[in-house]
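Novice: Sending over a structure as structure tokens; questions will come in a sec.
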Amino acid sequence: MKQEIFRLERVTQIIDGVTVLDNFSMHIFKGEIMGLLCLNDHGKEALIKLFCQNVPIHYGHVYLEENMVNNYEHSSMSYNPVAVIERQSRLVENLTVVDNIFVISKGFKGYLINSNFLNAKLKLLTKDLNISIDGNELVFNLSPFEKCVVEILKAIVAKVKLIVIRDISNFISTADLKKIHKIIRYYTKQGISFLYICNHHEEAFKICDRISIMKNGKVIKVLNKSEFRDEVIASFSLDFSHIDFPLVSRESENGILKFQNISTDNIKNLSFTIQKGECVVFLDMNNTVLTDFIELINGEIKPLSGQIFFKGVNYTKTLKHLKNNICFIQENPIQSMLFKEMSYIDNLCFLANKKLSFWCPMKNIQKSVIQEYEKLIGEDIYASDIKNLTPKSLYNLVYYRVHLYKPDIVILIQPFSDADMYHRHHLVQLIDQLRKKHITVIILAVSISDCLVVANRLMVIEQGRLQKQYSSEKFSYLRANL
Amino acid sequence: MNIENFMLRMENRAMNKNKYLFYRAFYIIVALIVLSAYLLIFLTVIYCNSQSFYFLLLIVPYFAYLGTLYLFYRWLFIPYKETSKIMQLFVKGYTVQGMFELQYPFSPEMEDVINKVKAIYNTQEVMKATKKQAQYLALQNQINPHFLYNSLEGIRGEAILAGLDSIAEMAEALGKFFRYAISNYNNLVTLEDELSNIEDYYYIQQYRFGERLSLSIEIDSENKDEVLKYQLPKLTLQPIVENAIFHGIEKKMGKGHVRIKVETTPKRLIITVSDDGIGMKEERLMELNEKLNVQSFEYVKSDDEKKAGIAMINVNNRIKLLFGEQYGINIFSTENVGTDVEITLPRIFRTEGAIDETRNF
Numbered sequence: 014m015k016q017e018i019f020r021l022e023r024v025t026q027i028i029d030g031v032t033v034l035d036n037f038s039m040h041i042f043k044g045e046i047m048g049l050l051c052l053n054d055h056g057k058e059a060l061i062k063l064f065c066q067n068v069p070i071h072y073g074h075v076y077l078e079e080n081m082v083n084n085y086e087h088s089s090m091s092y093n094p095v096a097v098i099e100r101q102s103r104l105v106e107n108l109t110v111v112d113n114i115f116v117i118s119k120g121f122k123g124y125l126i127n128s129n130f131l132n133a134k135l136k137l138l139t140k141d142l143n144i145s146i147d148g149n150e151l152v153f154n155l156s157p158f159e160k161c162v163v164e165i166l167k168a169i170v171a172k173v174k175l176i177v178i179r180d181i182s183n184f185i186s187t188a189d190l191k192k193i194h195k196i197i198r199y200y201t202k203q204g205i206s207f208l209y210i211c212n213h214h215e216e217a218f219k220i221c222d223r224i225s226i227m228k229n230g231k232v233i234k235v236l237n238k239s240e241f242r243d244e245v246i247a248s249f250s251l252d253f254s255h256i257d258f259p260l261v262s263r264e265s266e267n268g269i270l271k272f273q274n275i276s277t278d279n280i281k282n283l284s285f286t287i288q289k290g291e292c293v294v295f296l297d298m299n300n301t302v303l304t305d306f307i308e309l310i311n312g313e314i315k316p317l318s319g320q321i322f323f324k325g326v327n328y329t330k331t332l333k334h335l336k337n338n339i340c341f342i343q344e345n346p347i348q349s350m351l352f353k354e355m356s357y358i359d360n361l362c363f364l365a366n367k368k369l370s371f372w373c374p375m376k377n378i379q380k381s382v383i384q385e386y387e388k389l390i391g392e393d394i395y396a397s398d399i400k401n402l403t404p405k406s407l408y409n410l411v412y413y414r415v416h417l418y419k420p421d422i423v424i425l426i427q428p429f430s431d432a433d434m435y436h437r438h439h440l441v442q443l444i445d446q447l448r449k450k451h452i453t454v455i456i457l458a459v460s461i462s463d464c465l466v467v468a469n470r471l472m473v474i475e476q477g478r479l480q481k482q483y484s485s486e487k488f489s490y491l492r493a494n495l
Numbered sequence: 439m440n441i442e443n444f445m446l447r448m449e450n451r452a453m454n455k456n457k458y459l460f461y462r463a464f465y466i467i468v469a470l471i472v473l474s475a476y477l478l479i480f481l482t483v484i485y486c487n488s489q490s491f492y493f494l495l496l497i498v499p500y501f502a503y504l505g506t507l508y509l510f511y512r513w514l515f516i517p518y519k520e521t522s523k524i525m526q527l528f529v530k531g532y533t534v535q536g537m538f539e540l541q542y543p544f545s546p547e548m549e550d551v552i553n554k555v556k557a558i559y560n561t562q563e564v565m566k567a568t569k570k571q572a573q574y575l576a577l578q579n580q581i582n583p584h585f586l587y588n589s590l591e592g593i594r595g596e597a598i599l600a601g602l603d604s605i606a607e608m609a610e611a612l613g614k615f616f617r618y619a620i621s622n623y624n625n626l627v628t629l630e631d632e633l634s635n636i637e638d639y640y641y642i643q644q645y646r647f648g649e650r651l652s653l654s655i656e657i658d659s660e661n662k663d664e665v666l667k668y669q670l671p672k673l674t675l676q677p678i679v680e681n682a683i684f685h686g687i688e689k690k691m692g693k694g695h696v697r698i699k700v701e702t703t704p705k706r707l708i709i710t711v712s713d714d715g716i717g718m719k720e721e722r723l724m725e726l727n728e729k730l731n732v733q734s735f736e737y738v739k740s741d742d743e744k745k746a747g748i749a750m751i752n753v754n755n756r757i758k759l760l761f762g763e764q765y766g767i768n769i770f771s772t773e774n775v776g777t778d779v780e781i782t783l784p785r786i787f788r789t790e791g792a793i794d795e796t797r798n799f
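If you read the sequences in order, they're chains A and B. The numbers in my numbering rise by one with no breaks, and the one at position 82 of the first sequence is 95. The numbers in my numbering rise by one with no breaks, and the one at position 29 of the second sequence is 467.
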């Protein structure tokens with residue numbers, strides 16, 4: 014007989030007049046990996062909070078091990094034995110691994126801390142997982158994968174009943190994700206339940222026992238393992254089919270960007286050529302190379318060996334002049350790349366100002382930008398305060414700013430991470446807009462996400478080396494195997 | 439209830455606040471709190487100016503004042519909010535049980551009023567009405583079921599004599615189906631009986647749908663024999679399967695599949711009836727889920743010709759009346775994908791007559 018760990022029964026939660034959870038029902042069994050595929054972000058945050066704490070709800074019941082812990086009549090505000098693992102680590106960075114796992118734990122009652130004893134306990138925990146983590150290492154020095162493992166171990170030591178894994182593929186590499194899946198499977202055999210929240214069904218299919226599909230704060234379908242098929246999901250997702258863009262110029266030897274035997278601390282003898290107008294994805298399987306790549310382009314580091322050519326010119330030597338032709342769009346750009354105190358149009362023209370001469374009257378330029386971009390952006394272009402705009406409008410702002418600036422190359426860092434299906438669909442359209450303007454697009458990613466939808470070519474980098482290259486014709490094979 | 443009338447009533451209420459005793463009491467309490475605070479501050483200022491040590495004595499009233507405020511919050515404000523919320527949910531139809539099990543009634547008289555309402559509500563009568571409705575929906579046109587059953591037995595006999603096995607089998611299935619619907623209506627039945635009735639029903643429908651319709655039953659438990667002995671209200675599954683066939687699969691091009699999945703936990707029996715039919719529109723799903731959440735028996739006397747969904751509401755209401763509002767039906771549906779109906783019941787492994795023990799009110 015299955016043991017039920019958590020059950021949310023017809024939960025409706027209203028926050029500030031907005032129904033964040035609407036008649037939401039879900040049950041999770043002991044030792045089960047329940048997937049939660051969120052078609053949009055509506056209600057996701059509230060749901061995670063509700064799992065962790067018995068906060069007031071408008072209607073419904075919440076059961077923990079079949080005992081009612083929260084209902085519409087009375088919410089105790091008590092905490093449930095639930096751990097959440099997400100991008101923002103909940104570990105104390107300045108403490109060691111063993112301190113985080115054992116000492117900052119509810120059950121720890123000792124007055125003297127014997128680090129040898131704690132290290133031995135850690136070894137016992139990690140022995141079966143085939144993972145080695147130095148217990149005396151500061152959490153600050155750990156990789157995102159190691160932090161995840163430490164958080165899982167901390168949750169196990171704290172005897173939680175449910176571990177919520179939230180959008181993990183956004184911040185750990187594909188190779189590490191496989192290891193995390195192994196760990197999750199190991200602990201499900203020990204009776205721990207997992208709620209695996211992600212945006213991509215391909216990812217959820219690989220690990221989950223059942224999947225609930227959530228849209229606008231309500232479950233619209235629960236899929237059993239026998240229903241884990243692309244055609245079943247297709248009914249719920251938007252159409253991501255896409256028209257391939259032909260290359261604007263003939264393939265040349267130097268292309269627009271060429272790396273010739275480049276080596277840095279993490280990059281090993283990397284060589285490739287990117288043609289003008291191409292869209293190339295760099296998939297960093299171990300999440301070690303991307304930082305070096307960005308720093309090389311920014312001129313923050315110099316290659317230990319090899320040369321970079323931009324439009325056939327040595328890039329490192331003429332960096333000052335060429336750097337302005339390459340733009341970056343950072344990860345989660347609506348949080349990190351906008352000036353909240355500036356108006357929409359000021360934000361939009363922010364990069365373009367670089368190209369204008371001092372004597373150009375700004376008002377006239379903004380007027381003509383509005384004339385050109387209003388049909389693409391809509392009424393939001395007149396917004397004086399961007400804080401209240403929708404994420405879609407803010408993504409428009411980030412991407413059309415680059416569109417207006419028209420660099421030769423735009424480098425997108427993990428463009429699809431943290432975006433729900435609707436936003437990802439919109440981002441694909443925005444990347445298309447950049448490509449229509451013949452801007453070369455380079456996508457740096459640690460997980461494949463929807464990158465292949467827009468790409469002409471995929472380069473897989475493993476342990477700092479370029480392992481494989483795939484052209485768009487081979488993407489369907491890749492989707493099934495990566 | 440008409441939402442416009444409700445809003446109008448809310449507006450009138452806001453305009454005539456002084457009519458309600460609660461607001462009068464609230465104004466007086468707030469006035470007393472403000473006055474006490476003012477007196478305390480006044481005394482503090484006087485003692486401070488007189489520079490005597492007597493002002494230390496004011497610590498006691500300060501603590502008493504803060505204690506009273508805390509008591510006001512814990513003993514009055516929070517219980518009032520809870521009671522008020524349950525009453526609002528009762529008015530909107532979300533809960534009936536909550537109202538009858540009110541933890542903090544406003545006064546003993548109010549408690550008596552609630553008990554009186556509970557007696558008037560007379561759940562037995564409502565139960566009878568829903569049972570009749572279920573019977574009606576199951577038999578569709580019950581003029582004389584015993585006569586019908588006997589006639590079917592006659593047809594079966596004649597068919598066997600004539601060597602028409604398929605007619606005999608169909609007549610037998612029909613007879614079994616009707617007999618199940620008519621007999622022992624007041625009792626809980628075993629899951630085995632209920633599933634057997636579904637198989638009969640499926641057999642009958644196969645004559646119409648042929649290979650277009652398929653049915654599978656999955657029992658997700660190591661001890662299947664024990665699960666089959668669990669009890670549930672009679673005719674819980676048949677109306678749901680009927681809905682799946684007629685509102686899901688019949689309108690779909692090509693083959694359709696109905697799957698019944700049974701899962702158990704130490705306290706619950708979870709049955710999911712899924713079909714891969716045409717599903718339903720979001721508005722229709724919302725409407726149906728709203729009816730499933732709101733406990734109302736309006737549908738019993740409804741002459742509305744649009745019967746789809748009534749059977750489901752009936753089953754849901756019967757479950758809620760028998761076992762409490764934490765049990766019942768959940769529907770998940772997507773247009774052109776299919777519908778899942780999840781029925782949650784308590785795990786009952788008892789003999790007949792258990793129905794009264796499990797009633798909540």
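All C-beta atoms, glycine included, are put in the ideal place defined by N, C-alpha and C.
Residue range of the beta strand (DSSP E) that residue 221 of chain A falls in?
Specialist: Mapped onto the first sequence, residue 221 of chain A falls at position 208. Taken as a continuous stretch (DSSP letters only), residue 221 of chain A belongs to no beta strand (DSSP E), as it is neither H nor E.
Novice: I need the boundaries of the beta strand (DSSP E) containing residue 129 of chain A, first residue and last residue.
Specialist: Reading the first sequence from its first residue, position 116 is the one you call residue 129 of chain A. That residue, residue 129 of chain A, is in no beta strand (DSSP E); its alpha helix (DSSP H) goes 128 to 140.
Novice: Compare the Cα-Cα distances from residue 749 of chain B to each of B:510, B:513 and B:730 and report the closest residue.
Specialist: Position 311 of the second sequence, counting from 1, holds the residue named residue 749 of chain B. The shortest C-alpha separation from residue 749 of chain B is found at B:730.
Novice: Please report how far the alpha carbon of residue 86 of chain A lies from the alpha carbon of residue 779 of chain B, in whole angstroms.
Specialist: The count along the first sequence starts at 1 and reaches residue 86 of chain A at position 73. The count along the second sequence starts at 1 and reaches residue 779 of chain B at position 341. Computed Cα separation, rounded: 26 Å.
Novice: Per DSSP, what kind of secondary structure is residue 742 of chain B in: helix, strand or coil?
Specialist: Working through the second sequence from its first residue, we reach residue 742 of chain B at position 304. Reliability fails at residue 742 of chain B, whose pLDDT of 49 lies under 50, so the model's placement of it is uncertain and the value that follows must be treated cautiously. It is coil, neither helix nor strand.
Novice: Among residues of its own chain, excluding the 5 on either side of residue 399 of chain B, which ones have a beta-carbon nearer than 8 Å to its beta-carbon?
Specialist: Residue numbering for chain B in the displayed model covers 439 to 799; residue 399 of chain B lies beyond these limits and cannot be assessed.
Novice: If you count every other CB in all the chains shown that lies within 10 Å of the CB of residue 29 of chain A, and 16 or more means buried, which is it?
Specialist: By one-based count along the first sequence, residue 29 of chain A stands at place 16. Residue environment for residue 29 of chain A: exposed (fewer than 16 other C-beta atoms within 10 angstroms of its C-beta).
Novice: Closer than 6 Å by C-beta to residue 149 of chain A: which residues in its own chain qualify, once you throw out the five before and the five after it? Chain order, please.
Specialist: What you label residue 149 of chain A is simply residue 136 of the first sequence in a count that begins at 1. Result list for residue 149 of chain A: 109, in chain order.
Novice: Within a Cβ cutoff of 7 Å, which residues of the same chain sit near residue 131 of chain A, ignoring the five residues on either side of it in sequence?
Specialist: Looking up residue 131 of chain A in the first sequence gives position 118. Excluding sequence neighbours, residue 131 of chain A sits near 111, 115 and 148.
Novice: Across which residues does DSSP place residue 766 of chain B in a beta bridge pair?
Specialist: Position 328 of the second sequence, counted from the first residue, corresponds to residue 766 of chain B. Beta-bridge pairing links residue 766 of chain B to B:782.
Novice: Is residue 202 of chain A close to chain B? Criterion is C-beta to C-beta, closer than 8 Å.
Specialist: Within the first sequence, the letter at position 189 stands for residue 202 of chain A. Not an interface residue.
Novice: Determine the DSSP secondary structure at residue 23 of chain A, reduced to helix, strand or coil.
Specialist: The sequence position of residue 23 of chain A within the first sequence is 10, counting from 1. Reduced to three states, the DSSP call for residue 23 of chain A is strand.
Novice: With a CB to CB cut of under 8 Å and the five nearest residues on each side skipped, what residues in its chain are close to residue 543 of chain B?
Specialist: As a first step, residue 543 of chain B must be located in the second sequence, where it is residue number 105. Around residue 543 of chain B: 521, 549 and 552.
Novice: Who are residue 76 of chain A's beta bridge partners in DSSP?
Specialist: Against the first sequence, residue 76 of chain A aligns to sequence position 63. Its beta-bridge partners are A:20 and A:81.
Novice: Measuring straight from C-alpha to C-alpha, what distance separates residue 57 of chain A and residue 51 of chain A?
Specialist: On the first sequence, residue 57 of chain A is found 44 positions in, with the first residue counted as 1. On the first sequence, residue 51 of chain A is found 38 positions in, with the first residue counted as 1. Using only the alpha carbons, I get a separation of about 7 Å.
Novice: Let me see if you follow: with CB-CB separation under 8 Å, is residue 87 of chain A close to chain B or not?
Specialist: Numbered from 1 along the first sequence, position 74 holds the residue referred to as residue 87 of chain A. At least one C-beta of chain B is nearer than 8 Å to the C-beta of residue 87 of chain A.
Novice: Please decide whether residue 45 of chain A counts as near chain B, where near means a Cβ-Cβ distance under 8 Å.
Specialist: Residue numbering aside, residue 45 of chain A sits at position 32 when the first sequence is read from its first letter. It does not: the Cβ of residue 45 of chain A has no partner Cβ on chain B nearer than 8 Å.
Novice: How would you call residue 414 of chain A, buried or exposed, if buried means at least 16 neighbouring beta carbons within 10 angstroms?
Specialist: Here residue 414 of chain A refers to the residue found at position 401 of the first sequence. Residue 414 of chain A comes out buried.
Novice: Do you know how far the Cα of residue 462 of chain A is from the Cα of residue 471 of chain B?
Specialist: Position 33 of the second sequence, counted from the first residue, corresponds to residue 471 of chain B. Position 449 of the first sequence, counted from the first residue, corresponds to residue 462 of chain A. Their Cα atoms are separated by approximately 60 Å.
Novice: Kindly provide the ranges of any beta strand (DSSP E) runs that are 3 or more residues long and lie completely inside the stretch 441 to 473 of chain A, ordered along the chain.
Specialist: 453 to 458
Novice: Residues of chain B with CB under 8 Å from residue 74 of chain A, in chain order?
Specialist: Counted from its first residue, the first sequence places residue 74 of chain A at position 61. Here the neighbours are 764.
Novice: Pop quiz: residue 179 of chain A and residue 210 of chain A are said to be a contact at Cβ under 8 Å. What is the actual Cβ separation, rounded to whole angstroms?
Specialist: The sequence position of residue 179 of chain A within the first sequence is 166, counting from 1. The sequence position of residue 210 of chain A within the first sequence is 197, counting from 1. Confirmed, Cβ separation roughly 5 Å.
Novice: If residue 181 of chain A sits next to residue 70 of chain A, beta carbons under 8 Å apart, how far is it from one beta carbon to the other, in whole angstroms?
Specialist: Sequence index remark: in the first sequence, residue 181 of chain A carries index 168 (1-based). Sequence index remark: in the first sequence, residue 70 of chain A carries index 57 (1-based). The pair is not a contact, with the Cβ atoms about 27 Å apart (cut-off 8 Å).
Novice: So which residues of chain A does residue 536 of chain B contact, with C-beta pairs closer than 7 Å?
Specialist: Locating residue 536 of chain B in the second sequence gives position 98, where the first residue counts as 1. Chain A residues near residue 536 of chain B: 86.
Novice: So for residue 496 of chain A, helix, strand or coil by DSSP?
Specialist: No information on residue 496 of chain A is available, as it lies outside the stretch 14 to 495 that chain A covers here.
Novice: Residue 479 of chain A bridges to which residues according to DSSP?
Specialist: Start at 1 with the first residue of the first sequence, and residue 479 of chain A comes out as number 466. Answer is A:474, bridged to residue 479 of chain A.
Novice: Below 7 Å between beta carbons is the criterion; list the residues of the stretch 22 to 49 of chain A that meet it against any residue of chain B, in chain order.
Specialist: 22, 23, 36 and 38
Novice: What does residue 306 of chain A reach in chain B if we use C-beta pairs closer than 9 Å?
Specialist: Your numbering for residue 306 of chain A matches position 293 in the first sequence. Those within 9 Å of residue 306 of chain A in chain B number zero; the least Cβ separation is about 42 Å.
Novice: Within the chosen definition, does the stretch 310 to 327 of chain A reach the stretch 342 to 361 of chain A through at least 3 CB pairs nearer than 8 Å?
Specialist: no
Novice: Could you spell out where the alpha helix (DSSP H) holding residue 755 of chain B opens and where it closes?
Specialist: Here residue 755 of chain B corresponds to residue number 317 of the second sequence, with the count starting at 1. 748 to 761 is the span of the alpha helix (DSSP H), which, as asked, contains residue 755 of chain B.
Novice: Within the 8 Å Cβ cut-off, does residue 674 of chain B reach chain A?
Specialist: Position 236 of the second sequence holds residue 674 of chain B. Chain A, which has no Cβ nearer than 8 Å to the Cβ of residue 674 of chain B, makes this no.
Novice: Whose C-beta lies closer than 7 Å to the C-beta of residue 682 of chain B among residues of the same chain, with five residues either side of it excluded?
Specialist: Taking the first residue of the second sequence as position 1, residue 682 of chain B is located at position 244. Within the same chain, residue 682 of chain B has close Cβ partners 696, 711, 713, 715 and 777.
Novice: The alpha helix (DSSP H) spanning residue 645 of chain B covers which residue range?
Specialist: In the second sequence, residue 645 of chain B corresponds to position 207, counting from 1. Looking at the DSSP string, the run of the alpha helix (DSSP H) that includes residue 645 of chain B is 629 to 647.
Novice: Would you kindly report the start and end of the unbroken alpha helix (DSSP H) that includes residue 409 of chain A?
Specialist: Position 396 of the first sequence, counting from 1, holds the residue named residue 409 of chain A. It spans 404 to 418 - the alpha helix (DSSP H) in which residue 409 of chain A sits, taken as one unbroken run.
Novice: Under 8 Å, do residue 121 of chain A and residue 93 of chain A count as touching if we go by C-beta distance?
Specialist: By one-based count along the first sequence, residue 121 of chain A stands at place 108. By one-based count along the first sequence, residue 93 of chain A stands at place 80. Cβ distance not < 8 Å, so residue 121 of chain A and residue 93 of chain A don't count as in contact.
Novice: List the residues that DSSP assigns as beta-bridge partners of residue 48 of chain A.
Specialist: Here the question's residue 48 of chain A lines up with position 35 in the first sequence. In the DSSP assignment, the residues bridged to residue 48 of chain A are A:209 and A:224.
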